[in-house]
Each structure stands twice: as structure tokens, then as C-alpha cells.
Amino acid sequence: MEYRRRTVLRAGAAGVATAVAGCLGRGENDGEASVVGEELALATTTSTYDTGLLDEINAAFQERFGTPVAPNAQGTGQAIESARNGNADVILVHARSQEDEFMRDGYGVNRRGLMFNDFVVVGPSDDPAGVSDADQATAAFDTVANAEATFVSRGDDSGTHSKEEAIWAEAGAEPGDEWYQELGQGMGDTLNHASEAGAYTLADRGTFLSMRDNVDLEIHLQGPIEGGPELLANPYGIMAVNPEVHSNVNYQLAMAYIGFFTSPEGQELIEGYTSEGEQLFYPEALSEDPQFQQYVPEGWQSESSDE
Numbered sequence: 096m097e098y099r100r101r102t103v104l105r106a107g108a109a110g111v112a113t114a115v116a117g118c119l120g121r122g123e124n125d126g127e128a129s130v131v132g133e134e135l136a137l138a139t140t141t142s143t144y145d146t147g148l149l150d151e152i153n154a155a156f157q158e159r160f161g162t163p164v165a166p167n168a169q170g171t172g173q174a175i176e177s178a179r180n181g182n183a184d185v186i187l188v189h190a191r192s193q194e195d196e197f198m199r200d201g202y203g204v205n206r207r208g209l210m211f212n213d214f215v216v217v218g219p220s221d222d223p224a225g226v227s228d229a230d231q232a233t234a235a236f237d238t239v240a241n242a243e244a245t246f247v248s249r250g251d252d253s254g255t256h257s258k259e260e261a262i263w264a265e266a267g268a269e270p271g272d273e274w275y276q277e278l279g280q281g282m283g284d285t286l287n288h289a290s291e292a293g294a295y296t297l298a299d300r301g302t303f304l305s306m307r308d309n310v311d312l313e314i315h316l317q318g319p320i321e322g323g324p325e326l327l328a329n330p331y332g333i334m335a336v337n338p339e340v341h342s343n344v345n346y347q348l349a350m351a352y353i354g355f356f357t358s359p360e361g362q363e364l365i366e367g368y369t370s371e372g373e374q375l376f377y378p379e380a381l382s383e384d385p386q387f388q389q390y391v392p393e394g395w396q397s398e399s400s401d402e
């Protein structure tokens, strides 16, 4: 999907958008903030798109501010690369190590923790490898490798692919041979392929739940939402592209979008978004307790310290 780039956003609208990033401002006529411009370019992961969550959020954003959002759904690595090249105003992804690198390199600013769900290990209902007997992600992957059961990998440098690689590494197993298939596809296509092949795969819970009626797969290892291992946690972050690196990006509109997504209204939309009565994502942008590490790369500390 090609992004349609903007020229200049009207000065009045830009001022409103900046105010909205901190606290949603109000327009003169309808009591709501209004941003007048063209499209907001959003680089995002396929899970937010495939589940339909973005359709709901983006429609609410357009209704509030009068500005459409043009999402480009890719794997997290590809989404971040698009932003590095200046082809996005804002990114919404789920691979913290890649997000941290993006910020350390100066491409991203004003990161916020947005929401979370988790990963699940899914496979055919008869579970030929016996994955359901495992209580850890590493043990589940070991079981698949030892049985040489067919495993389908997204293989697309996405957040899910990064998590899968981390689990293989922690398990000390090296996937390969004919039983391991790398697709280079998004989550929806990977689930469809796994279903047709009678294979196992790692999936984010949201996409799996939204597709489960259309695939012949079952969850054999739950993530932490259902009491499974913390290794399968799946947090999402959102951040603006640094306008000092790419002068063409629309920073004001990006911050309006971040402000809306992390506002009480945006967080309520996330919490209320379900598939057949099951919640797909869990908001975490608002909290009574300070969460300073969401703003900076994990492990970062100021060089100065209070004596």
C-alpha cells in the first residue's frame, strides 16, 4: 500500500492537533477538537489490522478530528523500516527490542505503552506432537522439534516472528529441515496455511480469536492472560516519527493520534473491542502508578543522578 504524502497542514489545525496530544481540545462549533488536513500515515503490524481493531479506532478518530488514517499493515520490522525511511507519521508495533533500537537511533519520539494481549501456541486439534502437555513455551517448541511436527513460521521480521525466534533460542533448539516452514506472510495468512497443513504455529491471541471459526486449529499452550508463561506476553507500543529526522512527517497529526489512542475514549474502545464476546486487546496506557519506562528504551537510565 502506497502512502499518500501531504504538503502542508493548515496552521490552525496544526495548533489544535498539538493541544489534542496532551488533552483533547474542543472546537468552536460541536464541542470537539477538529483537525483539518489530509491523511495520517500509520505504519502498523498486521495483528491490529487483521482483527479489525484499527477500523474501529480510525473511524472514531476521523469522526472526532475530520482526518482519515491510511494504515499500512506489515510485519513490525517492515513497519519500522517504513518509518525509518520517512514513509509514516506514526508507528504502532509490538516488538520492544526493535522499538528501543528505533528510538535509540533517533527515529522515534514520544513512545507510549498502548495495550497488550499475548501469544498462544496453536495447532491441529489432535495435537500429534503432544504440545498440550507442556507448561512452558520453550518446552512446547522442544516438543515440536523432537517430534519433527510441521511448524509454520511467519518468517517476516514481525513482532510475532521475533518472539518465535526468542523462544527457539531460549529453548536451545534450531528449527530446520522440512518440518519447519517459513512463509514470509502476515498472521492471517500464516494461520490459514497452518490450518491447511495441519501444522503448529505461534499466533497473537487477538488474530487467532478473530479467525478461529475459519481455521481448523486449537490453542495448545495459553499465554499469561489465561495463566500461561510470561514469555508469551505481547505488549504494543505507539510512537511518532521524529520530525527532526524527517521534515516531511506530520508530527502534529501523529501526536493527535497518539493522544486519542491513549485517551480514556481510545482506551475504552480497545477494552470494548471483542470477537464473539471475547476481548482481543487490553488497554494499558492509563494507570494510577507512574510507568516511566514506557517512554524510553528498556533499561535506560539518566547519566545524572540525585545525590
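Going by the numbering used here, the sequence shown opens with residue 96, and the numbers climb by one from there.
Idealized CB from N, CA, C, for every residue including glycine.
Judged by DSSP in its simplified three-state form, Tyr368 adopts coil rather than helix or strand. Residue state for His315 is assigned as strand, using DSSP reduced to three classes.
Of the residues assessed, Gln388 falls on the exposed side of the cut-off, its CB having fewer than 16 other CB atoms within 10 angstroms. Per DSSP, Ser382 has no beta-bridge partner at all. Separation of His288 and Pro378 (C-alpha to C-alpha, rounded to the nearest whole angstrom) is 30 angstroms. In the structure shown, Asn287 adopts helical secondary structure according to DSSP, grouped into three states.
In chain order, Ser142, Asp145, Thr146 and Met282 place their CB closer than 6 angstroms to the CB of Thr302, counting only its own chain and leaving out the 5 sequence neighbours on each side. For Asn167, the enclosing beta strand (DSSP E) stretches over residues Val164 to Gln169. Look at Ser177 here: in three-state DSSP terms it is helix. Assigned with DSSP and collapsed to three states, Pro324 falls in coil, not helix or strand.
Tyr202 has its alpha-carbon roughly 6 angstroms from the corresponding atom of Arg179. Taking the Cα of Ala380 as reference, the smallest distance to any Cα among Asp251, Arg191 and Leu209 is reached at Leu209.
Distances from the CA of Gly394 to each of Met306, Arg199 and Asp221 were compared; the closest alpha carbon is that of Arg199. The alpha-carbon of Phe376 is positioned some 9 angstroms away from that of Leu148. Contact between the region 307-324 and the region 221-239 is present, with at least three C-beta pairs closer than 8 angstroms.
Apart from sequence neighbours up to five positions away, the residues of its chain that approach Gln362 with a beta-carbon distance below 7 angstroms are Pro378, Ala380 and Leu381, ordered along the chain.
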